[in-house]
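Structure first, then comments.
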Amino acid sequence: MNSEALLSEISARRKNVPEKSLQIYLHIPFCTSKCHFCDWVDDIPVTQLRSGVSKRRQYVDSLRRQIEHWGPYLGEVGYKTTCIYWGGGTPTRLEAESFPLIQQSLESAFDLSSLSQHTLETTPSDLTPEKLEKLEEIGVDRLSIGVQSFDPDQLRRAGRAHSAEQAVEAIRLAKRSSIEDVNIDLISGFPEETLADFKRTLEIAVELEPTHVSVYSYRATPRTVMAVQTTRGVRHGLELDSMIESYELAQDVLTQAGYREYCFNYFAKEKKYEFEAGMYGYKLQGDIVGFGAGAESTLGTFSLLNEDTELDEYVEDPLGFDTVKPFSLERPEMFFPLFGAALMTEDGINFKRFQYLTGLPFSEAWQSPDIKAWFQYVENCGAKLSFEDDGIRSADRNIHRVYLKNLVYTLNPALVELT
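Read in order, the letters of the sequence shown are residues 1 to 419 in the working numbering.
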């Protein structure tokens with residue numbers, strides 16, 4: 001489907017919506033190294049991931065072309081941008097001068113007057129004073145630093161390109177800038193990680209006083225180096241009970257330090273520091289347009305994707321999307337990520353928002369045997385669900401246990417007994 005035909009369909013499906021919010025996601029598919037645990041880049045060749053300056057600059061040119069092509073169309077439909085989120089990969093692998101160039105394209109193509117949060121991901125090894133200055137100039141107001149651990153041995157095993165000392169200095173550098181909202185990303189449940197080791201990581205994080213901490217549970221995705229090592233017995237993965245204990249340690253330490261867990265994985269010092277871009281997607285709040293190779297979009301009841309392994313093809317022709325699929329009960333698996341994400345939030349699955357995003361009333365979706373089976377599986381993992389007139393919510397605060405049981409069961413059913 002070409003751009004004009006797709007925009008015509010989106011416009012027709014959003015015609016009677018007076019206020020159309022939009023999140024812009026910018027995907028930067030480059031990293032210093034290929035981390036041993038990361039399943040976001042497990043299918044990307046190392047040579048592509050570590051592309052040089054010339055390729056990165058070509059990519060920026062193509063990204064700008066895509067932004068400048070789609071922005072005016074989406075403006076005509078009536079979208080107002082509320083969040084900008086740079087992810088990857090590592091956005092700060094780009095050269096410092098690339099950030100204002102991309103921002104110029106965003107400002108020329110979109111109405112940014114309703115922007116409430118501008119988030120960018122970085123890593124300690126790629127955050128420099130020069131790049132930080134450019135991020136301040138373009139209006140980034142939230143920085144998310146991928147630390148993962150402050151334990152030197154764990155960083156080495158994870159294949160990270162930074163040291164614990166670099167991580168501490170990067171956070172201090174960010175906190176000295178005008179960017180007030182600084183998040184630290186951590187991972188709980190790494191193979192062979194003791195509670196004492198993880199507690200020390202949490203304590204260092206708290207001492208640095210970030211405004212927000214994200215704690216993601218380790219996923220032993222089969223194609224990653226760390227998962228292969230575990231399968232071969234080189235390393236020993238934690239069992240389910242230990243993974244739960246690790247995450248609950250994070251809950252205890254961060255709660256005692258004054259952070260509130262407002263969503264599974266997310267802990268904020270104050271409400272104003274909540275991760276709006278993350279919650280926008282989890283809470284099904286509106287459409288998302290993703291730019292770049294590897295970016296996904298949910299736009300006008302369509303799911304759009306540019307493949308992350310097709311970098312050269314994207315650079316050559318960035319204006320279209322590799323995959324364009326309307327949400328359909330013929331493909332029930334399209335709905336499962338929406339359900340799973342929404343159940344991690346306090347709002348749960350809001351039926352009105354679900355229908356807005358997918359074009360389908362939840363009552364119609366509920367007729368699908370596959371969707372009913374998905375909810376039954378979630379309950380078998382231990383979820384206590386509350387079925388209400390306006391939505392479905394988790395009836396207790398133990399959704400992390402459900403998620404972790406699903407995670408372990410999906411990777412190795414023999415390790416978990418479902419109820």
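All residues carry an ideal CB built from backbone N, CA and C; glycine is no exception. Owing to the predicted nature of the structure, the values given are computational and were not obtained by experimental measurement.
Candidates the options, of which the one nearest residue i by Cα
| i | options | result |
| --- | --- | --- |
| V408 | L254, A220, G292 | A220 |
| R50 | P29, W70, E68 | P29 |
| V315 | V60, E248, K405 | V60 |
| S108 | Q66, V234, E417, E307 | Q66 |
| P129 | D287, D185, T92, A12 | T92 |
| S297 | H27, V17, A12, D181 | H27 |
| R57 | N412, A365, D312 | D312 |
| L284 | F339, F321, F302 | F339 |
| I184 | A295, D317, F267 | F267 |
| I399 | I244, L360, E192, D322 | I244 |
| Y167 | R156, G189, T323, S149 | First, the amino acid is wrong: residue 167 is Ala here, not Tyr. The residue with the shortest Cα to Cα distance from A167 is S149. |
| Q229 | L343, R157, N306 | R157 |
| A395 | D126, K384, K405, Y403 | K384 |
| S144 | E121, T419, T32 | E121 |
| L319 | L304, F327, P326, K325 | L304 |
| L112 | G88, Y79, E136 | Y79 |
| C31 | V182, G89, D370 | G89 |
| G278 | Q256, D322, S125, R142 | R142 |
| D389 | N380, L22, G52, S363 | S363 |
| T194 | S242, R232, E169 | S242 |
| S8 | G75, G159, V234 | G75 |
| F190 | A342, M226, P72 | M226 |
| P222 | L411, E274, R13 | L411 |
| G294 | G286, D287, F302, N306 | N306 |
| P326 | A341, F302, K175 | F302 |
| V140 | I179, S114, D126, H162 | I179 |
Three-way DSSP call (helix, strand, coil) for residue i in this model
| i | result |
| --- | --- |
| R142 | strand |
| S449 | The structure shown does not extend to residue 449, since the chain is modelled only from 1 to 419, so the question has no answer here. |
| H27 | strand |
| N406 | helix |
| L411 | helix |
| I44 | coil |
| K55 | helix |
| K199 | helix |
| V416 | coil |
| V60 | helix |
| H162 | coil |
| V420 | Since the first and last residues shown for the chain are 1 and 419, residue 420 lies out of range. |
| N2 | coil |
| D185 | strand |
| S178 | coil |
| R401 | helix |
Own chain, CB closer than 7 Å to residue i, minus 5 neighbours either side, in chain order
| i | result |
| --- | --- |
| E276 | C83, S116, Q117 |
| R64 | L101, I102, S105 |
| I138 | F99, P100, Q103 |
| T224 | H36, F37, C38, D39, D42 |
| W421 | A question about residue 421 goes unanswered here, because the residues of the chain that appear run from 1 up to 419. |
| R401 | I244, G382 |
| I44 | P29, D308, T309 |
Cβ shell of residue i (< 6 Å), same chain only, five flanking positions each side left out
| i | result |
| --- | --- |
| S368 | L329, P332 |
| D347 | K283 |
| L155 | S149 |
| A164 | F150, P152 |
| L208 | I171 |
| W374 | F336 |
| I392 | G348, I349, L385 |
Integer Cβ distance of residue i from residue j, believed to fall under 8 Å
| i | j | result |
| --- | --- | --- |
| T119 | W86 | 7 Å |
| L240 | L415 | 7 Å |
| I10 | G300 | 3 Å |
| F264 | M344 | 4 Å |
Contacting residues, own chain, Cβ-Cβ under 8 Å from residue i (five flanking each side not counted)
| i | result |
| --- | --- |
| A96 | T128, E130, K131, E133, K134 |
| L186 | V147, Q148, S149, T201, L202, A205, V213, S214, V215, Y216, A250 |
| P361 | F351, Q355 |
| R232 | none |
| S188 | F198, V215, Y216, S217, Y218, M243, S246, Y247, L249, A250 |
Segments of 3+ residues assigned as beta strand (DSSP E) that fall wholly inside the stretch 312-378: 323-326
Completely contained beta strand (DSSP E) runs for the stretch 232-312, where each covers 3 or more residues: 260-263, 266-268, 287-291, 296-299, 302-305
Scan the stretch 64-121 and note each continuous beta strand (DSSP E) run of 3 residues or more that stays entirely inside, going in chain order. 79-88
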